[in-house]
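So the sequence shown is numbered by numbering that gives the first Met the number 0: it starts at 0 and just counts up by one.
This report concerns only the one structure given below.
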Amino acid sequence: MEEIIKRYLFSPENSSTQHNFRPANNMTIVTSKKRPTVGIVLPMLSGFYMGELNATLRRLAKNHKVNLIFIRSGERRDFKLPIYFNHLDALVVVLHAATVKLIEEAINANIPVISIGASYAPLPVEQYYSVQSDGVTKLYEWLQSQGHEEIGFCGDLTVNDIRSRFKAYQRTVIDHKGSFNQRHFFRVSNCSLSGGREAAIEFIQRKSKCTAVICATDHNAVGMMEQLSHSNISVPDDVAIVGIDNIFVGQQFNPKLTTVDQQLELLATQVFHRVLERISGKPFNNANNSVPQKLIVHQSCGNTNPDLEHKEDINSTRQILLNVQGRSPAEIFENFYSQAQGGFDSIRDAQSLYGNNLDWACLAECNSEQYTIRKWVEKGMTQPTTLPQQTDIQDDIRNFPFFERYDHFVASILPINSGQEDHWKLVAVVDSLQDHQDIGTQSVFNNYLDMLALFIERDELINTSNNRQKNSQQLLQQLKVVSNSSNDGIWDWDLLTNTLVWNSRLTKMIGCQDTFSDRKLGCDHLFQYIHSEDLELLESAIHNHLNEEVPFKCEFRMKTQHRGYIWVHANGSAVHNAEGQAVRFIGSMTDVTQEREDAEKIQHMAYYDALTGIANRRKIMESIAQHIVKRPNQKRAVMLMDLNRFKIINDSFGHHVGDALLCHVTKHIQNVLSSEHLVARLGGDEFLFLCDVSSEADINALATQILNAVQNPLIVDDIEIISQGSLGIAMYPYDGVSAEELIKQADIAMYQAKKLGGQSYLNFQRSMAKETENIIEIEHQLSRAIAQQEIKVHYQPQYCGQDEKITAVEALARWESPTLGDVPPDQFIEVAESAGLISKLGECIIHRVCKDVEGSEWLQTMSHISINISAKQLIQPHFAQEIIRTIRQYQLPLTLFCIEITESAAIVDYELCINSLKELHDVGISISLDDFGTGFSSLSLLKQLPLSEVKIDRSFISDITQGQTNLDFVNTMIMMGKSLGYRVVAEGVETADHNQRLNGLGIDLLQGYYFSKPRPLSELESEVAIKLTRA
């Protein structure tokens, strides 16, 4: 590569000092044709699915002396760069990683194309895939052979693959039993662990008769087993659970998960050998090629025969991927984040850290046809070399990357979107297959490359955005100058001769400067330019001014030469002679078209939703109020609906998908509503209807139509989403006589409908208000409990990450009401916030803690005692002073206390919160950020908080046993917290496995049920005393 760059830089016709950087005349870039070269376009280089395909193809390429070009398309579905097409002997496309246009170009260049898991019909592309239905059938028949008859299924039907698996389950059930029982299906909201937990809860609530359940994913299966175990339901003794995909976490669970494997290694092997056949001249075969899924038997299905237990081949790619040369996860990922963040310049260091082969790499820029090299690095160099900015060597993208002296290689290409049309960054990383290949360490390096691509793309998009903003500001400044230097149109009407004289600005305004070069015309000619609907208004204004001396101000439409009609605002005044006769009429005209349009837009914005275009809260509230005033005896239905699982969809797929779903639902609702009905979006996913229906039958029919319309599927970003709604109905005047009351009753009915599950509606009944009354009762009893000091405090220890000794505690409020019984904290705290009792509750808790510390030598030995503070407490005007005064009242050291806040609490009133927290921090009270990692604020915003500690949210800790990526993410958060100088606490440590995985990551404090649940102070002190006695 160095020789190539030198020839670029120092060709005879280009001086190195001038840096013209043009190719030498005799330069050719060719690839050795000793070995075939195969391109593979795939979304990612690493991960469960792509990682195994990548590794398998690497092994095969080395053994069969084939060159590989991996092209990472990312998550985009419009990838169309013909990278290295001039030298490819075949192309493999994984899923839909390439556009039809790119496939067509390859076919036109006589490059055989084979796809994995995607159809490009009717193009001549051979398709290979793992049969989704096959695994479900094998699981069902295996469970039947184990004596199970009632076999259920759980899955998220919004996902295409899951729907395929569910249909296979239905067909298999019908084939074996003749009919499908809907109660054996457990619909969940996602494919992850939480979805499995949902299925377990539904299983328990239904008192399901299923003795076995097939879960659509292994994650669902593990989540279901975990949740069932919390309810003392044993797997497989009480119910057998099996999954699909054979991911690593399923084999780490107890009992080990029975599942089916997609046989990705076999799939990749078949594709590879077919590629070689096509390269050798074998013709296209339009038959689809499927690989059956493989049954993996473990204990979760109830198997007790060790001979049937699946044993993994130690030589399989799957096993080899786990080999990282003895490195610990902490060692591998110690600098993962920082390396990728360093961009292309970090690539040499990353190669050294991860131990993989790297012969050379380069960074280029390209459009859809040409590329230019910007940086390069190769083995033996200390860091990448930046080529001179004046260089302008370009070559066809179909020749990228260039190989001149490499005979057997693998190249990984990262095309990176810059945010500009037809402009890309290209990273090429090349290693020789002639050297020893370690698949395990290479897979780690592929993870780094995926992250590197994301960081470079982020930086490119930010730069593009900043440049666009700068250009927009310059344009705005230019427009401002133009606007300030322009004048209104001026007219002078001679009333004696009935002629008008216009200035040039006015003739330009209506585009007739060529027609009236002398800018004079008869008055009658003027009226030809006035919109016919405005003539009477204008004539009346002129008459009133000339005869009644009414000030002349008028707005009307004028016809222009090229713009249609514009709105103008006219002002004028008559000039009188000595006899008082009006002889001239002089005035000005201003083009107010934009102002009128803006006013209409503002009016529209005030009454209509910006996203969906339908009425907003203000519009429908006024419409309901107007109906009550104008037609007090005429019935109307007020319906309130929200979308089930909308937040999950919005958080999982992004706000753009959520917005698209809201617009999609709106369109289909409008299609079923006639003009006499009004629909409005209240905000979020809530829709309110004012419907001209009176009979119960018509109301129910319309509600059904609306809910059915909501169910129309939406496909966005290759994701099919089927939404469902819950709807509550209140009738005017029976259920309320004001808009607020009707919406309140409809809301109560909707809440009850949501409890019934998706696609339900209910009419408001007075009995439904009972739940609201229960909340009011809790509020009343809570107020009394605070006054009578019924609120207790339990303490949950925090253990040192080094020696697992108790060094701190968290104080947690508990309430056992004589009337209501044991009230959960989240319930009474929510009521306290909504009822305005949170300040009194907080004051009660801080006094209780101070009294406990005052009387407990053990608590006084803690490094700190944490107390949770809500958002509403934090924004109280004298919050900090009250806390400090209370602690000093008990003569306790301020440094013993730690105030815990959430990120959402901190940004409610950011400036006020910052001042309060700084006041606490300045006197020695430490500040802890709870739920670290779950918020959306920027890092720079959080750095302004005077934090001493961050607590990693329990949701991240619970996931660390379900894959290396989750553990790596937690490790990244730990390192981030440490780098900012914070004490790092892991909460939600529930199992020994959690504790073991966190060991060695540098965590400061551990907290969770694995060590101790929250308990009264007396119990903890007794336990500590016993341990000290034994010691």
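Every residue gets a Cβ at the ideal spot worked out from N, C-alpha and C, and that includes glycine.
If you're wondering where the values come from, they're calculated on a predicted model, not measured in any experiment.
Counting along the chain, M638 sits inside the beta strand (DSSP E) bounded by residues R635 to L642. In the assembly as shown, I900 is a buried residue. Its beta-carbon has 16 or more other beta-carbons within 10 Å. Assignment of beta strand (DSSP E) within the segment 956-992, counting only whole runs of 3 or more residues, yields 982-986 in chain order. Residue range L192 to R205 is occupied by the alpha helix (DSSP H) that includes G194. For P414, the enclosing beta strand (DSSP E) covers residues F408 to N416.
A distance of 8 Å or more separates the beta carbons of G756 and M638.
Each of H568, T964 and I913 was checked against the Cα of Q943, and the nearest Cα belongs to I913. Excluding sequence positions up to five before and after M972, its CB lies within less than 6 Å of the CB of G932 and I951, all in the same chain and listed in chain order. The alpha-carbon of M49 is positioned some 13 Å away from that of Q441. Within the DSSP secondary-structure output, T589 pairs in a beta bridge with H568. Annotated as proximal: H407 and N66, with beta-carbon spacing under 8 Å. Counting along the chain, the unbroken beta strand (DSSP E) around V500 starts and ends at T498 to W501. Note on the segment 771-835: whole alpha helix (DSSP H) runs with a minimum of 4 residues are 824-834, in chain order. Q1006: member of the beta strand (DSSP E) spanning L1004 to Q1006, first to last residue. Sequence-distant partners of E197 (beyond 5 residues in either direction) whose C-beta falls short of 7 Å from its own C-beta, in its chain, are V187 and S188.
Taking the CA atoms as reference points, G999 sits about 21 Å from S1011.
Here A609 carries a coil assignment [DSSP, helix/strand/coil]. Proximity to V91 across Y127, N699, A120 and Q764 peaks at Y127, based on C-alpha coordinates. For K839, the three-state secondary structure derived from DSSP is helix.
Straight-line measurement puts the Cα of H309 at about 32 Å from the Cα of E125. By alpha-carbon distance to P817, the top candidate from K839, L781 and E829 is L781. When E459, E547 and K634 are compared, the shortest CA-CA separation from Q419 is found for E459. Taking a cut-off of 8 Å for Cβ pairs, the segment 210-224 and the segment 239-252 touch, as three or more such pairs fall below it. If the five residues before and after A702 are omitted, its C-beta is found closer than 7 Å to the C-beta atoms of M638, L726, I728 and Y760, all from its own chain and listed in chain order. The Cβ-Cβ distance between A784 and N762 does not fall below 8 Å. Nearest to M43 by C-alpha distance, out of E789, I412 and L997, is I412. Contact fails between the segment 102-112 and the segment 46-65, because fewer than three Cβ pairs, one in each stretch, are under 8 Å apart. For N632, the three-state secondary structure derived from DSSP is coil.
Shown here for D434: same chain residues with a beta carbon closer than 7 Å to its own, the five before and five after excluded, namely N356 in chain order. When DSSP assignments are scanned along the segment 685-723, the uninterrupted stretches of beta strand (DSSP E) that are 3 or more residues long and fall wholly within it turn out to be 685-690, 713-715 and 718-720.
L451 and Q169 have their C-alpha atoms some 43 Å from each other.
Bridge pairing for I529: M557 [DSSP]. Approximately 6 Å separates the beta-carbon atoms of I243 and R164; this is inside 8 Å, confirming the contact.
With a threshold of 16 other beta carbon atoms within 10 Å, M861 meets it and is buried. With distances taken between CA atoms, W566 lies nearest to G488 out of G488, T960, V99 and G151. In chain order, I973 and K977 place their CB closer than 7 Å to the CB of G1001, counting only its own chain and leaving out the 5 sequence neighbours on each side.
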